[in-house]
Amino acid sequence: MATQLSMTDADALRHEFVSGLRNAHALEHQALSIMDRQIERLAQYAEVEQQLRSHRNETEHQIQRLETILESLGESHSTLKDMTMSFTGAVAALGHAFASDEILKNSFANAAFESFEKASYKALIVMAEAGGYHEAVPLLRETLREEEAMLTFLDETLPKVVTKYLSLRTSGEQASH
């Protein structure tokens, strides 16, 4: 890669970085909607509920970090994208609510969602570094660490969730959520 970007290259990179930040902002709003719906329905899985509440709080801070980066660039988030993603998050979570194995479907979907977020933040860090937006990198790395920690929690907790689900199901108790 050339050591100095031409104005066209710099503009294109800035455009992609800002677009990625706006997408991540909307993605975090989608995450809030998904978590809110799941938290309401986790009567049997206190450890998962507690972690989702904690990660929900982190997500609010992640949104603030993204807004800080966007503001430093003289940009703002996309309200339309935020609303759209928030709505699709609520619908996605609702889709699992009627399943007899809701907790399993949510566990799988949450792991996939966190993997997507992890990849998104890794890409944003590369864009920030390539574009010289060095002040954004620590904020993005903090969020990446939080997403990686949530993904690790989900991965480590899945066997416990499945075991509890099976135990509740075989004893005739409500096990879906």
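The sequence shown lines up with residues 783 to 959 when you count with my numbering.
Note that beta-carbon positions come from the ideal geometry of N, C-alpha and C, so glycine has one too.
The structure presented is a predicted model; accordingly, all values stated were derived computationally and were not measured.
Answer with buried or exposed for residue i, where buried requires no fewer than 16 other C-beta atoms within 10 angstroms of its C-beta.
i      : result
GLU892 : At residue 892 the sequence reads Asn, which differs from the Glu that was named. It is buried - the Cβ of ASN892 has at least 16 other Cβ atoms within 10 Å.
SER962 : What the structure shows of the chain is the stretch from 783 to 959, and residue 962 is not part of that stretch, so it cannot be assessed.
ARG927 : exposed
LEU948 : exposed
GLN956 : exposed
GLU896 : buried
GLY802 : buried
Measuring only the C-alpha atoms, how far is residue i from residue j?
i      : j      : result
ARG835 : VAL800 : 29 Å
LEU824 : GLU831 : 6 Å
GLU917 : SER882 : 47 Å
HIS748 : MET909 : What is shown of the chain runs 783 to 959, which leaves residue 748 out entirely.
GLU938 : ILE885 : 15 Å
SER953 : PHE898 : 36 Å
LEU933 : GLU840 : 13 Å
HIS807 : THR925 : 12 Å
PHE935 : THR790 : 42 Å
Flag residue i as yes if its beta-carbon sits less than 9 Å from any beta-carbon of chain C, otherwise no.
i      : result
GLU955 : The structure shown contains no chain C; it is built from a single protein chain.
Measure the beta-carbon distance from residue i to residue j and round it to whole angstroms, keeping in mind my assumption that it falls under 8 Å.
i      : j      : result
GLY913 : ARG796 : 6 Å
Cβ contact (3+ pairs, closer than 8 Å) linking the stretch 830 to 849 and the stretch 918 to 925: yes
Sequence ranges, alpha helix (DSSP H) only - wholly within the stretch 833 to 861, length at least 4: none
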